[in-house]
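A.B. asks: The number in our numbering is simply the position in the sequence shown, starting from 1, with 724 added.
Glycine included, each C-beta is placed from N, C-alpha and C at the ideal position.
Before I ask anything, let me first share the structure, which is written out below as structure tokens.
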Amino acid sequence: MAWLTALSLRALKINALITTLATMQIVRGLAYIISDGKAVGIEDERFFTLGYANWFGLPAPIWLTVACLVVFGLLLNKTTFGRNTLAIGGNEEAARLAGVPVVRTKIIIFVLSGLVSAAAGIILASRMTSGQPMTSIGYELIVISACVLGGVSLKGGIGKISYVVAGILILGTVENAMKPAEYLAILTIRRARGDPAGGGDLRPLQTKSQTCGLNLNRTF
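What follows is the structure, encoded as structure tokens:
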């Protein structure tokens, strides 16, 4: 699929970000059609070890993430391929005139991106013990936000892996800071349902009424 994305990018001259998002929607739609919109269970328990294994006291996905950051950081900043990538992002025509193999470099970029995305999908499926066509919706916006916070230019030509890591940490900090607000909302709902201590059942009133044999249509 990465090959098709790169070739369509060359033929149609569309922005790489738009092309990537469009391809994502196509693949997600195909997955939804093939699975009929249902989760596909995974029976081989050995597959689950990838998502839940611990290596040297840390979860395996963390080690895999660190490995990817190191490899791609070196690839981007210390190799000719990385310099060609930044040159193409900064000014594609100038890079082409300078002798940079633009088409080949773009294909390699999309292939590497596809491999990393596939690895992330495998790890997620391992942790969820199933393949779900509608999972990870909205993750692409989180990724883009982390990159922008890390100083990556959406126009291309500017970006470092270390800065992206900083963007990820900023997003994680903000998300954790929002947790107390979520807990406060839960306590507010519980108190609105008549439990001043903040405990009780968080099921909607409609579900409770059906359990008790009543017919209350109002829900919170």
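Does the count of Cβ pairs from the stretch 771–785 and the stretch 872–882 closer than 8 Å reach three?
C.D. replies: no
A.B. asks: Run through the stretch 802–873 for me and flag every whole alpha helix (DSSP H) of 4 or more residues, listed as ranges in chain order.
C.D. replies: 804–814, 816–821, 826–852, 863–873
A.B. asks: Candidates Gly855, Leu893, Ser854: which alpha carbon is nearest Val867's?
C.D. replies: In the sequence shown, the residue the question calls residue 867 occupies position 143. Looking at the Cα atoms, Leu893 is the closest of the given residues.
A.B. asks: From the DSSP output, read off the bridge partner residues of Leu690.
C.D. replies: For the chain, the structure presents residues 725 to 944; residue 690 sits outside this window and is missing.
A.B. asks: For Gly922, which of helix, strand or coil comes out of DSSP?
C.D. replies: Your numbering for residue 922 matches position 198 in the sequence shown. With a pLDDT of 49 at Gly922, under the threshold of 50, the modelled position of this residue cannot be trusted; read the value that follows with caution. The answer is coil: DSSP assigns Gly922 none of H, G, I, E or B.
A.B. asks: If you pair each beta-carbon of the stretch 846–854 with each one of the stretch 768–780, do three or more pairs fall below 8 Å?
C.D. replies: Contact between the stretch 846–854 and the stretch 768–780 is present: 3 or more CB-CB pairs across the two stretches fall below 8 Å.
A.B. asks: Identify every residue that forms a DSSP beta bridge with Leu782.
C.D. replies: Against the sequence shown, residue 782 aligns to sequence position 58. DSSP, once it has assigned bridges, lists Trp779 as partnering Leu782.
A.B. asks: Classify Ile885: buried if its beta carbon has 16 or more other beta carbons within 10 angstroms, exposed otherwise.
C.D. replies: Position 161 of the sequence shown, counting from 1, holds the residue named residue 885. Under this definition Ile885 is a buried residue.
A.B. asks: Check for me: the alpha helix (DSSP H) holding Val876 runs from which residue to which?
C.D. replies: Walking along the sequence shown from the start, residue 876 turns up at place 152. Neither: Val876 is in no alpha helix (DSSP H) and is coded neither H nor E.
A.B. asks: Excluding sequence positions up to five away, which residues of its chain have a Cβ less than 6 Å from the Cβ of Ser759?
C.D. replies: For the purposes of this step, residue 759 is taken as the residue at position 35 of the sequence shown. If we look at Ser759 and ignore the five residues flanking it on each side, its Cβ neighbours are Pro857.
A.B. asks: Would you say Gly765 and Ser869 are within 8 Å of each other, going by their C-beta atoms?
C.D. replies: Position 41 of the sequence shown holds residue 765. Position 145 of the sequence shown holds residue 869. Going by C-beta atoms, Gly765 is not nearer than 8 Å to Ser869.
A.B. asks: Report yes if the C-beta distance between Gly814 and Gly883 is below 8 Å; otherwise report no.
C.D. replies: Taking the sequence shown and counting its residues from 1, the one referred to as residue 814 is at position 90. Taking the sequence shown and counting its residues from 1, the one referred to as residue 883 is at position 159. In terms of Cβ geometry, Gly814 and Gly883 do not form a close pair [threshold 8 Å].
A.B. asks: What first and last residue would you give for the alpha helix (DSSP H) that runs through Arg752?
C.D. replies: As a working note, residue 752 is residue 28 in the sequence shown. Bounds of the alpha helix (DSSP H) holding Arg752 are 740–759.
A.B. asks: Name the one or two DSSP bridge partners that Val764 has.
C.D. replies: Here residue 764 refers to the residue found at position 40 of the sequence shown. BP columns for Val764 point to Gly855.
A.B. asks: Nearest-angstrom Cα distance between Val898 and Ala822?
C.D. replies: As a position in the sequence shown, residue 898 is number 174, starting the count at 1. As a position in the sequence shown, residue 822 is number 98, starting the count at 1. Cα-Cα distance, rounded: 43 Å.
A.B. asks: What distance in whole Å lies between the Cβ atoms of Leu800 and Thr789, which are believed to be in contact at a cut-off of 8 Å?
C.D. replies: Counting from one through the sequence shown, the residue named residue 789 turns up at place 65. Counting from one through the sequence shown, the residue named residue 800 turns up at place 76. Not really, about 16 Å apart at Cβ, beyond 8 Å.
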